[in-house]
Amino acid sequence: MTLTEKILARASGKTRVAAGDNVWVNVDVLMTHDVCGPGTIGVFKREFGKAAKVWDPKRVVIIPDHYIFTADSMSNRNVDILREFVKEQGLPYFYDVIDDPDGHWQFDVSKGQTQKQYGSKYTGVCHTTLPWKGHTRPGEILFGTDSHTCMAGAFNQFATGIGNTDAGFILGTGKLLIKVPESMRFFMEGAMQPGVMAKDVILHVIGDIGFDGATYRAMQWEGPGVYGMNMDDRMTIANMAIEAGGKNAMFPCDQKTIDYVNERTAENGTKSEFEPVELDGDQKFIYDKVFDLSKLEPTVACHPDPGQRKLAKEMSNVSLDRAYIGSCTGGKTSDFLAFAQVVKGKTVKIDTFGVPATTKVVQELKDTQWDGQSVWSILESAGVRMTENASCAACLGGPVDTFGRLNTPMKCISATNRNFPGRMGNKESQVFLASPYTVAASALTGKVTDPREFIS
Ligand code: SF4
1 MTLTEKILAR ASGKTRVAAG DNVWVNVDVL MTHDVCGPGT IGVFKREFGK AAKVWDPKRV
61 VIIPDHYIFT ADSMSNRNVD ILREFVKEQG LPYFYDVIDD PDGHWQFDVS KGQTQKQYGS
121 KYTGVCHTTL PWKGHTRPGE ILFGTDSHTC MAGAFNQFAT GIGNTDAGFI LGTGKLLIKV
181 PESMRFFMEG AMQPGVMAKD VILHVIGDIG FDGATYRAMQ WEGPGVYGMN MDDRMTIANM
241 AIEAGGKNAM FPCDQKTIDY VNERTAENGT KSEFEPVELD GDQKFIYDKV FDLSKLEPTV
301 ACHPDPGQRK LAKEMSNVSL DRAYIGSCTG GKTSDFLAFA QVVKGKTVKI DTFGVPATTK
361 VVQELKDTQW DGQSVWSILE SAGVRMTENA SCAACLGGPV DTFGRLNTPM KCISATNRNF
421 PGRMGNKESQ VFLASPYTVA ASALTGKVTD PREFIS
């Protein structure tokens with residue numbers, strides 16, 4: 001069996017499953033956020049009754065992160081709905097924007113967009129919060145009401161996005177009926193060359209198979225190249241499985257995975273036992289291809305979908321209006337450090353926005369010193385508009401007052417994961433997806449730029 005089949009077999013109490021089987025699985029963790037949480041709660045109450053209790057409070061994780069730092073009152077209200085539900089159900093894992101369990105969230109416009117406006121529990125983007133707070137474990141099943149839930153596949157976990165109806169059902173039962181996906185194998189050899197990042201790997205692969213090339217399939221990553229990657233790299237790759245239509249991403253579990261998970265579960269007091277699934281000799285794949293990481297170059301996904309692959313070096317004729325670094329895919333500390341490496345001591349030529357994925361990233365960028373200067377300050381000195389308000393922000397557009405949103409037609413190069421028309425705001429805008437290195441180099445020149453021009 002493939003890694004995905006092994007997890008689904010275990011979770012459904014069977015010795016074997018095969019692609020195409022429909023199985024009921026026991027859910028280890030259900031995650032929801034401010035956009036889909038209220039709807040999920042509505043389904044749960046409608047179907048199970050107003051007084052119903054969730055199947056297991058310790059397995060529900062609620063993370064407000066999408067439309068947070070906005071004056072839009074309906075968005076603020078969504079966070080309050082989550083808080084009321086958490087209180088009613090006694091849920092331990094709620095990363096609230098404010099500290100007062102009886103309070104109401106309201107964004108204070110007078111403080112502006114860049115100054116911190118959250119309490120001590122707030123974390124930021126859900127998919128980056130889940131591993132940080134010790135909710136991702138090898139061999140488990142994670143469902144989330146968000147398509148990029150597949151990011152947790154980096155941890156040898158079956159993780160996928162679901163709708164509010166399924167999530168409401170899970171809240172009541174802890175189970176879900178799921179069709180076992182076929183698996184595709186992406187076998188990585190070699191190592192990435194300087195100037196090339198995990199983002200280039202996934203953009204290259206999606207360019208190969210197309211933005212629907214993995215529809216309802218598991219994307220399994222193997223090979224020595226994969227073991228050479230750190231967990232952030234694996235997360236970047238797993239995150240974008242859905243940009244090829246993938247049901248889930250799946251990485252093998254190695255010592256790096258185990259150390260990462262052990263550290264986070266111990267730090268946060270979350271469940272520490274887990275049982276990874278190991279690679280079998282008898283795996284069956286619907287697609288199997290070897291990639292040489294050392295051959296990859298800085299890659300861009302052009303408007304209007306993540307499969308429109310070009311090399312950055314072929315695009316120097318494309319002028320840009322904006323650069324953006326942020327999101328679950330591209331807003332991790334390692335992403336900002338790569339970006340800062342390129343812009344350090346220089347000045348960006350176009351409007352450039354930086355939105356850390358989590359509050360931990362904010363802290364780490366402020367704490368990391370290079371030549372006596374914090375990375376945060378290096379970024380600001382280069383002209384990057386940094387916000388302390390970690391969230392999804394303009395990755396998915398959001399209300400018109402969202403930090404970094406494309407409110408007029410423009411061309412933006414972005415370290416985010418999705419570029420369908422209107423994704424970051426204005427429908428006539430064009431979004432070019434690239435690595436933090438490429439976004440940084442392009443911010444310096446105002447054109448799509450191969451970052452190797454700035455990296456020795
Ligand atoms: S940062 Fe973007 S991709 Fe990630 S969860 Fe938020 S909206 Fe979705």
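Reading the sequence shown from the start, the letters are residues 1 to 456 in my numbering. Quick reminder that beta carbons are idealized off the backbone N, C-alpha and C, glycines included. Note that this is a predicted model, so its numbers are computed, not measured.
Measure the beta-carbon distance from F143 to F291 and round it to whole angstroms, keeping in mind my assumption that it falls under 8 angstroms.
-> Along the sequence shown, one-based indexing puts residue 143 at 143. Along the sequence shown, one-based indexing puts residue 291 at 291. In this structure F143 does not touch F291 by the C-beta definition: roughly 29 angstroms separates them, more than the 8 angstroms allowed.
Buried/exposed call for E263, threshold 16 Cβ in 10 Å | By one-based count along the sequence shown, residue 263 stands at place 263. Exposed.
Could you have a look at D335 and say whether DSSP puts it in helix, strand or coil?
-> What you label residue 335 is simply residue 335 of the sequence shown in a count that begins at 1. It is helical.
Sequence-ordered residues whose beta carbon comes within less than 5 angstroms of a heavy atom of the ligand SF4 | Cβ atoms closer than 5 angstroms to the ligand SF4 belong to V125, H148, S327, C328, C392, C395 and L396.
Buried or exposed: R16, going by 16 or more other Cβ atoms within 10 Å of its Cβ?
-> As a working mapping, residue 16 is identified with position 16 in the sequence shown. Residue environment for R16: exposed (fewer than 16 other C-beta atoms within 10 angstroms of its C-beta).
Should A443 and A301 be called a contact, given that it needs their Cβ atoms to be closer than 8 angstroms?
-> In the sequence shown, counting from the first residue as 1, residue 443 sits at position 443. In the sequence shown, counting from the first residue as 1, residue 301 sits at position 301. Not a contact, by the Cβ cut-off of 8 angstroms.
Can you tell me where the beta strand (DSSP E) with A159 in it begins and where it stops?
-> Sequence index remark: in the sequence shown, residue 159 carries index 159 (1-based). Per DSSP, the unbroken beta strand (DSSP E) holding A159 starts and ends at F158 to G161.
Quick one: using the 10 Å Cβ neighbour count with 16 as the cut-off for buried, is R46 buried or exposed?
-> If you number the sequence shown from 1, residue 46 lands on position 46. By the 10 Å Cβ count, R46 comes out exposed.
Rounded Cβ spacing between F48 and E140 (contact assumed at less than 8 angstroms) | As a first step, residue 48 is located in the sequence shown; it is residue number 48 there, counting from the start. As a first step, residue 140 is located in the sequence shown; it is residue number 140 there, counting from the start. Their Cβ separation, rounded to whole angstroms, is 24 angstroms, which puts F48 and E140 out of contact at 8 angstroms.
Quick one: measure Cβ to Cβ for L379 and G354, integer angstroms, because I've assumed they're closer than 8 angstroms.
-> Within the sequence shown, residue 379 is the residue found at index 379, counting from 1. Within the sequence shown, residue 354 is the residue found at index 354, counting from 1. With a Cβ gap of about 6 angstroms, L379 and G354 count as contacting.
Consult DSSP for W105 and reduce its assignment to one of helix, strand or coil.
-> On the sequence shown, residue 105 is found 105 positions in, with the first residue counted as 1. Residue state for W105 is assigned as coil, using DSSP reduced to three classes.
Close beta carbons around K179, own chain, < 6 angstroms, minus the five adjacent residues each side | Here residue 179 refers to the residue found at position 179 of the sequence shown. Cβ within range, chain order: N22.
Measuring from the CB of E297, is there a heavy atom of the ligand GTP at a distance below 7 angstroms?
-> The ligand content of the structure shown is limited to the ligand SF4, which means the ligand GTP is not among them.
With DSSP as the reference, label S294 as helix, strand or coil.
-> Along the sequence shown, one-based indexing puts residue 294 at 294. Reduced to three states, the DSSP call for S294 is helix.
For V97, which option in K87, L91 and Q117 has the closest C-alpha, if you only look at C-alpha atoms?
-> Walking along the sequence shown from the start, residue 97 turns up at place 97. Nearest C-alpha to V97: Q117.
Start-to-end residues for the alpha helix (DSSP H) that takes in R77 = As a first step, residue 77 must be located in the sequence shown, where it is residue number 77. If you look at R77, you'll find it in the alpha helix (DSSP H) that goes S73 to Q89.
Give a yes or no on whether the C-beta atoms belonging to F420 and D321 are separated by under 8 angstroms.
-> Taking the sequence shown and counting its residues from 1, the one referred to as residue 420 is at position 420. Taking the sequence shown and counting its residues from 1, the one referred to as residue 321 is at position 321. No, they are not a contact pair.
Would you mind giving the Cβ-Cβ distance between K121 and Y95, rounded to the nearest angstrom? I have them listed as a contact below 8 angstroms.
-> Counting from one through the sequence shown, the residue named residue 121 turns up at place 121. Counting from one through the sequence shown, the residue named residue 95 turns up at place 95. K121 to Y95, Cβ: 6 angstroms. Contact.
Which residues share a DSSP beta bridge with G386?
-> Counting from one through the sequence shown, the residue named residue 386 turns up at place 386. The residue asked about is misnamed: residue 386 is Met in this sequence, not Gly. Residue pairing by DSSP places M386 opposite G354 in a beta bridge.
Candidates T416, R83 and L3: closest to E153 by CA position | For the purposes of this step, residue 153 is taken as the residue at position 153 of the sequence shown. Sequence check: residue 153 is Gly here, not Glu. G153 has its Cα closest to that of L3, out of T416, R83 and L3.
Could you have a look at E428 and say whether DSSP puts it in helix, strand or coil?
-> Counted from its first residue, the sequence shown places residue 428 at position 428. Coil.
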